[in-house]
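A short write-up of the structure that comes next.
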Ligand SMILES: Nc1ncnc2c1ncn2[C@@H]1O[C@H](COP(=O)(O)OP(=O)(O)OP(=O)(O)O)[C@@H](O)[C@H]1O
Ligand SMILES: [Mg+2]
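Protein chains in written order, with my numbering: chain A, 1 to 267; chain B, 268 to 616.
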């Protein structure tokens, strides 16, 4: 009985912030401006399939790179002395305290034609390179913004790996490579799948970053959705349909991934 | 000549500026059962970790068959370890835990299977192959840890209190098992324990440590009968340790009396520790005793009684199959050969 009373605030919260908005999205997605039921919004998604696939492609690449970078970084942090671990985590999280628009502006000033990087390379008569307004810059922006979401779950499982287990593996003949594949990765499985989800989901619905770093030719599905609500192509019905389709795709990919996930991480 | 398989020379280890191992020199003879014995925190695990390759020394060197392996990483050493805290792999079942080292060595599946089976039998864990580590009791986990190391048939096996979590009966059984395995497979065992009885019954050689220093190395009989100092005497079995003065060769004063003894070679009037085993004090009628005392307590210990007796300012521990009543006056006699004289330890603990 007691537990029921305690769950009331949570249920109210869920209704206000999850159920009602979701209901509205579904309602808008299947209605016309005059409120009649229709599939036309969903069908209209056809025109944006290329953008949708680009979003998925970019976010898959960004997620993989986050994983590749995040694994060694998290492992190194987890093997530091207790006190230093906190400091290093702080450094990882610190950029998240700055507004993400500012962070992305900072990247613009670094990557621009006459930005810091090109000017520095210019000192050695190298460049200038075309670093911005391309797909690479957008993926870089995603990685930069979302890599903490990879490092944190990885760190939290890796810090629980007892050093004596690593020593036991060494004792039984494991070199560095085997320690990674037979001990560290299998024991980090939970963190790897959490990290992949927490990076992939915001990446696939990224907006603004793509517009700022992609130069207008690399817009993602998030940008298109945003412009349906705030831009000049105002059409919340189409925007809702897009959001709904994106959500279904994400859920499908994630459940597929979870199916494989249980065996995949063993290697 | 016996072959020395492992030799540790002038090993010094510091933790946070504190010296934990103070110049350890230790030769391990091939195929022997060697025990490191000492109280908690004396540096047994640290010594073992040096041999396993997990602990760097501040200075000193380690030889394996006369080859310097001080800098050799652990996975290249022909040594396996049974860790004090088991350190089993939580993501693998019991079979895969034990097979781990053999898989790394790329043995055939058939060979791995038969060796794991054989080892499971040795440690009495047949039928546990598919169980998870988490589902095992402490004692069962400990036996998996033993099996996981043993299955590799290393030249040298390091065991860090491998029977600590077992009950007395199982422990006695495993002691015999381990000793048999060691002799059958002709593996050198370096065995850490703080249980002196375990050390005495299993070992070819006992190394008594205290406070990062080796106090004595010898056969169990040597260590028991000829302890080098009062610490060893006290740690190996119970002892009465009494202050005495060596008057001349074969004559010592203690407890207000002069006693003939069998020790010589001390300075005249040197202050010494006199060590007497509780079972070596004979209880006689008061009038016939060289010393007299009052019985303060009697405890039944199974095989014998243990009495605390107050006499000439000391508490004497006496073990006897017969017992006196609390409060009664008794006489006590000690044979010359049961009086062990030792130099006072340089640094009192
Ligand atoms: N990593 C470490 N950092 C600091 N001090 C340590 C470390 N490892 C061990 N010590 C200290 O070194 C001393 C010896 O430790 P060691 O583990 O070798 O003792 P031990 O003889 O195995 O004791 P026990 O019987 O309790 O296992 C102890 O005082 C311990 O506190
Ligand atoms: Mg220890």
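From the three backbone atoms N, C-alpha and C, an ideal C-beta is built for every residue, glycine too.
C-beta atoms of residue i and residue j nearer than 7 Å
i                      : j                      : result
residue 153 of chain A : residue 96 of chain A  : no
residue 202 of chain A : residue 146 of chain A : yes
residue 346 of chain B : residue 368 of chain B : no
residue 110 of chain A : residue 102 of chain A : no
residue 312 of chain B : residue 280 of chain B : no
residue 503 of chain B : residue 449 of chain B : no
residue 400 of chain B : residue 357 of chain B : yes
residue 533 of chain B : residue 513 of chain B : yes
residue 327 of chain B : residue 277 of chain B : yes
residue 455 of chain B : residue 289 of chain B : no
residue 228 of chain A : residue 213 of chain A : no
residue 467 of chain B : residue 494 of chain B : no
residue 398 of chain B : residue 361 of chain B : yes
residue 566 of chain B : residue 507 of chain B : no
residue 45 of chain A  : residue 248 of chain A : no
residue 501 of chain B : residue 608 of chain B : no
residue 88 of chain A  : residue 98 of chain A  : no
Cutoff 6 Å; reference residue i; Cβ partners in own chain excluding five residues on either side
i                      : result
residue 595 of chain B : 562
residue 200 of chain A : 59, 63
residue 274 of chain B : 294, 330
residue 430 of chain B : 438, 441
residue 187 of chain A : 161
residue 74 of chain A  : 151, 154, 155, 158
residue 121 of chain A : 127
Simplified DSSP assignment, three categories, for residue i
i                      : result
residue 334 of chain B : strand
residue 568 of chain B : coil
residue 479 of chain B : coil
residue 416 of chain B : helix
residue 425 of chain B : strand
residue 210 of chain A : helix
residue 465 of chain B : helix
residue 237 of chain A : helix
residue 159 of chain A : coil
residue 178 of chain A : helix
residue 358 of chain B : coil
residue 584 of chain B : strand
residue 558 of chain B : strand
residue 432 of chain B : coil
residue 590 of chain B : coil
residue 406 of chain B : helix
residue 303 of chain B : strand
residue 286 of chain B : strand
residue 112 of chain A : coil
residue 277 of chain B : strand
residue 459 of chain B : strand
residue 269 of chain A : Outside the displayed range of chain A (1 to 267) lies residue 269 of chain A, so it cannot be described from this structure.
Other residues of its chain near residue i: CB distance less than 8 Å, five sequence neighbours each side excluded
i                      : result
residue 179 of chain A : 166, 169, 170
residue 48 of chain A  : 221, 224, 242
residue 670 of chain B : Since the first and last residues shown for chain B are 268 and 616, residue 670 of chain B lies out of range.
residue 309 of chain B : 476, 477, 478, 479
residue 24 of chain A  : 240
residue 553 of chain B : 559, 596, 597, 598
residue 130 of chain A : 113
residue 163 of chain A : 79
Nearest neighbour of residue i, chosen from the options [CA to CA]
i                      : options                    : result
residue 353 of chain B : B:477, B:404, B:408, B:341 : B:408
residue 612 of chain B : B:402, B:293, B:498        : B:498
residue 577 of chain B : B:598, B:567, B:587        : B:598
residue 197 of chain A : A:13, A:67, A:34, A:35     : A:67
residue 390 of chain B : B:593, B:447, B:402, B:351 : B:447
residue 445 of chain B : B:414, B:484, B:517        : B:414
residue 518 of chain B : B:381, B:351, B:379, B:606 : B:606
residue 384 of chain B : B:373, B:418, B:501, B:587 : B:418
residue 216 of chain A : A:134, A:181, A:258        : A:134
residue 436 of chain B : B:416, B:422, B:465        : B:465
residue 569 of chain B : B:516, B:590, B:373        : B:590
residue 33 of chain A  : A:256, A:236, A:252        : A:236
residue 546 of chain B : B:575, B:282, B:521        : B:575
Neighbourhood of residue i by C-beta distance below 7 Å, restricted to the same chain and skipping five residues each side
i                      : result
residue 332 of chain B : 272
residue 548 of chain B : 583, 585, 599, 601
residue 307 of chain B : 461
residue 142 of chain A : 58, 59, 62, 203, 206, 209
residue 452 of chain B : 420
Curious, which full-length beta strand (DSSP E) runs of at least 3 residues does the region 468-555 of chain B contain?
Unbroken beta strand (DSSP E) stretches of 3 residues or longer found wholly inside the region 468-555 of chain B: 472-477, 480-485, 507-515, 518-521, 524-527, 537-543, 548-551, given in chain order.
At what residue ranges does the region 23-81 of chain A contain a whole run of the alpha helix (DSSP H), taking only runs of 4 or more?
If we require 4 residues or more, the alpha helix (DSSP H) runs fully inside the region 23-81 of chain A come out as 40-44, 49-79.
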